[in-house]
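Residues in the sequence shown are numbered from 17 upward in steps of one, following our numbering. Every residue, glycine too, gets a C-beta built ideally from N, C-alpha and C. Here the structure is a predicted model, which is why all the values come from computation and not from measurement.
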Amino acid sequence: MKGLFVLFQCLFLCGVSVAQLKENWVDRPIADWPKIALINEVQFKNGDRYIDPSFKYAGTGFLIDNGKDTLAATAKHILWIAKNRQSKGTEINDALESWVLRPKGNVQDSAVMGALLNEDGSEQLEGKGSTILDRDWIVFSVKKVSGDLYPLKPRYTPIRPGERVYILSCAYDDPLCTVHEGKVYKKMGMDILIQRDMKTHKGGCSGSPVIDSNGFLVGIISGSAGSQAGNVSVAISTEYLKDVIDQRPGLNMPKKDYGELIYQIVLEGGVAKAMKQYRRLLKDPKNYYAYNLRSPNRNGLRETAEKLMGLGRNAEAVRILKFNNKVNVRFYGDYNLLGRAELASGNKAGAVKAYQESVKVYGDKQNEAYAALEELGAGL
Numbered sequence: 017m018k019g020l021f022v023l024f025q026c027l028f029l030c031g032v033s034v035a036q037l038k039e040n041w042v043d044r045p046i047a048d049w050p051k052i053a054l055i056n057e058v059q060f061k062n063g064d065r066y067i068d069p070s071f072k073y074a075g076t077g078f079l080i081d082n083g084k085d086t087l088a089a090t091a092k093h094i095l096w097i098a099k100n101r102q103s104k105g106t107e108i109n110d111a112l113e114s115w116v117l118r119p120k121g122n123v124q125d126s127a128v129m130g131a132l133l134n135e136d137g138s139e140q141l142e143g144k145g146s147t148i149l150d151r152d153w154i155v156f157s158v159k160k161v162s163g164d165l166y167p168l169k170p171r172y173t174p175i176r177p178g179e180r181v182y183i184l185s186c187a188y189d190d191p192l193c194t195v196h197e198g199k200v201y202k203k204m205g206m207d208i209l210i211q212r213d214m215k216t217h218k219g220g221c222s223g224s225p226v227i228d229s230n231g232f233l234v235g236i237i238s239g240s241a242g243s244q245a246g247n248v249s250v251a252i253s254t255e256y257l258k259d260v261i262d263q264r265p266g267l268n269m270p271k272k273d274y275g276e277l278i279y280q281i282v283l284e285g286g287v288a289k290a291m292k293q294y295r296r297l298l299k300d301p302k303n304y305y306a307y308n309l310r311s312p313n314r315n316g317l318r319e320t321a322e323k324l325m326g327l328g329r330n331a332e333a334v335r336i337l338k339f340n341n342k343v344n345v346r347f348y349g350d351y352n353l354l355g356r357a358e359l360a361s362g363n364k365a366g367a368v369k370a371y372q373e374s375v376k377v378y379g380d381k382q383n384e385a386y387a388a389l390e391e392l393g394a395g396l
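See below:
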């Protein structure tokens, strides 16, 4: 009988815990939600503050309840704005005078940052070799925090396409922080692609927390990107946050360069073999963690074509670029490169077609495709 009572008690408690897997504020009107989204106010010891004096703060941040301590986070690329010009890596601890989070328009409440937990002086902050957007979190310990600021509890279970999420942001041109609803389109590695009203994805939104419909933290806004569903917001999942908290070795190790792999396959086995390998990479979800398949500033297929053109192997470059335009989101710069490759191959008609496609994608007169078409006698 005692055993049955213990079993019943366990089931009851388990049922209570399941029932409570929802923040008690999330069903209230958004205006009644606690203070979650905050602004980053930063000062370095050498007098540096922001990259330009027009900035009054640097993006959005928020607090985290990890079950033991209160932590804080924002996007790693905020260090491009809150910039210590003497630093080339993800390092600020020795140079930092103060980093304070506070609600926008509220000088009463604040959180004072302690140490940057994922500091890494070897992680290149800017330039072609930088990979910080792949893991776009910086995570701080917290020295002091006002009681009215609410720390989010992280969710580490996988998020699924179709889930409703909320983005809590402090955009530069909004008087207060705001909340915007979205829907998960895809998850690719740590990247969460979110469909939303992109008019609300504005400057200052970097570092915004993304919460699920139960109020739990699932990611951090890094930027935006094109997709087959149109433009989307890109968040980096809490997987990296967990790695930081767990102090996982090799935390910021760059992903493997798939472009170099594709290039070597072209040289050794030909274009067809390289295209087959690329499709194989995309099919395995694990490869999005291992390779820079979703790098926001690198395209391995385009880089392969550029290298081939440098070798005078223009016909192969044309094939790679046509393949790229077929399997990836249309980008006017890729069509312009295809136009140049077609011309180098002696195919004027192919070049005209490529430049015309470029104009369809990006109709601004600054697009070099307009001048190229005029020169080819096919001006619009």
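*asked:* Helix, strand or coil for Phe339? Go by DSSP, reduced to three states.
replied: helix
*Run through the segment 154 to 192 for me and flag every whole beta strand (DSSP E) of 3 or more residues, listed as ranges in chain order.*
154 to 161 and 180 to 185
*Could you please give the first and the last residue of the uninterrupted beta strand (DSSP E) stretch that includes Met204?*
Thr194 to Met204
*Pick out whichever of Ser249, Gln244 and Gly242 has its Cα sitting closest to the Cα of Ser224.*
Ser249
*Buried or exposed: Met399, going by 16 or more other Cβ atoms within 10 Å of its Cβ?*
In the structure as shown, the chain begins at 17 and stops at 396. Residue 399 is therefore absent and cannot be evaluated.
*On the three-state DSSP scale, how would you describe Arg118?*
strand
_Measuring only the C-alpha atoms, how far is Tyr201 from Ile210?_
5 Å
*What three-state label does DSSP hand Ile46 in the structure shown?*
Here Ile46 sits in helix by DSSP.
*asked:* Assuming Phe78 and Ala53 are in contact, meaning their beta carbons sit under 8 Å apart, how far apart are those beta carbons, in whole angstroms?
replied: 6 Å
*Three-way DSSP call (helix, strand, coil) for Ile108 in this model*: coil
*When Phe339, Ala333, Leu327 and Val343 are compared against Arg356, the one with the closest alpha-carbon*: Ala333
*Contact the segment 79 to 88 vs the segment 149 to 163: 3+ CB pairs below 8 Å*: yes
*Would you call the CB atoms of Lys51 and Pro119 closer than 8 Å?*
yes
_Under 8 Å, with one C-beta from each stretch per pair, do the segment 164 to 174 and the segment 227 to 236 reach the 3-pair mark?_
yes
*Taking Cβ to Cβ, would you say Val282 is nearer than 8 Å to Leu324?*
yes
*Length of the line joining the Cα atoms of Ala91 and Pro191*: 21 Å
*Check whether the Cβ atoms of Ala370 and Leu389 lie closer than 8 Å to each other.*
Going by beta carbons, Ala370 and Leu389 fall outside the 8 Å limit.
*Considering only C-alpha positions, which residue in the set Gly286, Pro265 and Ala290 is nearest to Gly275?*
Ala290
_Candidates Asp150, Gly130 and Val226: closest to Tyr307 by CA position_ = Asp150
*Using the rule of at least 16 other Cβ atoms within 10 Å of the residue's Cβ for burial, across every protein chain shown, is Glu228 buried or exposed?*
This sequence places Asp at residue 228; Glu is not what is there. Buried, by the Cβ-count rule.
_Collapsed DSSP secondary structure at Ile281 in the structure displayed_ = helix
*Going by beta carbon distance, what residues of the same chain come within less than 6 Å of Asp380, once the five residues before and after it are set aside?*
none
*Taking C-beta to C-beta, are Asn397 and Ile94 nearer than 8 Å?*
What is shown of the chain runs 17 to 396, which leaves residue 397 out entirely.
*asked:* Would Ala111 and Asn56 be called neighbours here (beta carbons separated by less than 8 Å)?
replied: Contact flag unset, no.
_Distance, Tyr66 Cα to Ser126 Cα_ = 20 Å
*Taking only the alpha-carbon atoms, compute the straight-line gap between Trp115 and Trp96 and give it to the nearest angstrom.*
15 Å
*Cβ-Cβ separation, Ile237 to Ala251 (assumed contact under 8 Å), whole Å*: 5 Å
*Ordered along the chain, which non-local residues of its own chain (more than five positions away) have a Cβ less than 7 Å from that of Glu373?*
Tyr351
*Pull up the DSSP beta-bridge partners for Ala333, would you.*
According to DSSP, Ala333 shares a beta bridge with no other residue.
*Where do the N-terminal and C-terminal ends of the beta strand (DSSP E) with Gln293 fall, by residue?*
First-last for Gln293: Val287 to Lys299, but that is the alpha helix (DSSP H), not the beta strand (DSSP E).
_Assigned secondary structure, Val260 (DSSP; H/G/I helix, E/B strand, else coil)_ = helix
*Hey, would you say Ala331 sits closer than 8 Å to Ser361, going by beta carbons?*
yes
*Kindly list the residues whose CB is nearer than 7 Å to the CB of Ser146, restricted to its own chain and excluding five residues on each side of it in sequence; keep chain order.*
Gln140
_Can you find the residues in the same chain that come closer than 8 Å, C-beta to C-beta, to Asn340, ignoring five residues on each side of it along the sequence?_
Asn315, Leu317, Arg318, Ala321 and Asp350
*For Lys199 versus Arg176, is the C-beta distance shorter than 8 Å?*
no
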